[in-house]
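Below is one structure; the comments refer to it alone.
Numbering (the working numbering), first residue to last: 11 to 189.
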């Protein structure tokens with residue numbers, strides 16, 4: 011059975027995108043990371059929010075990597091949105107609600123992980139009790155503002171159990187199970 015994994019690179023102060031969704035800060039922190047390379051092989055489908063899907067791409071200046079999750083992953087994408095485009099996109103399914111999106115993504119993942127991309131979709135999955143794991147690459151930079159990894163107005167306490175910690179030249183990788 012496929013599991014849901016939220017993965018992101020974040021700044022040390024907890025931002026995964028800069029102000030306005032700017033991802034340009036990430037480019038200099040992308041580099042060799044054997045843990046991420048292994049993770050990419052474990053992903054069978056992507057569940058992504060509309061804002062992230064249509065947002066800034068840290069690989070936009072590299073024609074071989076642009077538009078691909080992790081700069082190299084290729085497979086089925088499920089975009090959670092209430093505003094699907096009129097023209098279909100190959101390999102992309104636009105889905106209007108979380109339950110339908112998760113069910114379809116898990117079926118397409120074929121027992122591999124469904125990788126969740128986007129802070130809002132990850133928050134929705136957490137609130138619905140659907141998220142199984144969190145994988146975060148912590149980049150050695152402070153952004154000061156932007157899109158937080160997890161934002162829940164009024165606060166909440168989501169318990170996590172660390173299951174792995176590895177080092178890469180440009181990040182510290184942390185993997186947690188949602189308890």
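For every residue, glycine included, the Cβ atom is placed at its ideal position computed from N, Cα and C.
Buried or exposed (CB count within 10 angstroms, at least 16 for buried), residue i
i: residue 33; result: buried
i: residue 19; result: buried
i: residue 82; result: exposed
i: residue 133; result: buried
i: residue 188; result: buried
i: residue 118; result: buried
i: residue 96; result: exposed
Residues bridged to residue i (per DSSP)
i: residue 87; result: 56 and 102
i: residue 17; result: 145
i: residue 113; result: DSSP output for residue 113 lists no bridge partner at all.
i: residue 167; result: Its beta-bridge partners do not exist; DSSP assigns none.
i: residue 184; result: 146 and 175
i: residue 125; result: 15 and 56
i: residue 27; result: 157
Contact check, residue i vs residue j, beta carbons under 8 Å
i: residue 68; j: residue 40; result: yes
i: residue 186; j: residue 171; result: yes
i: residue 87; j: residue 102; result: yes
i: residue 22; j: residue 148; result: yes
i: residue 135; j: residue 144; result: no
i: residue 25; j: residue 158; result: yes
i: residue 35; j: residue 108; result: no
Expected contact under 8 Å - CB spacing of residue i and residue j to nearest Å
i: residue 58; j: residue 131; result: 7 Å
i: residue 29; j: residue 156; result: 5 Å
i: residue 112; j: residue 15; result: About 12 Å; that fails the 8 Å criterion.
i: residue 31; j: residue 55; result: The Cβ separation is near 23 Å, so there is no contact.
i: residue 184; j: residue 146; result: 5 Å
i: residue 89; j: residue 60; result: 6 Å
i: residue 11; j: residue 121; result: 7 Å
i: residue 62; j: residue 128; result: 4 Å
Practice prompt. Determine contact between the stretch 175-183 and the stretch 43-60, defined as no fewer than three beta-carbon pairs at a distance below 8 Å.
Written response: yes
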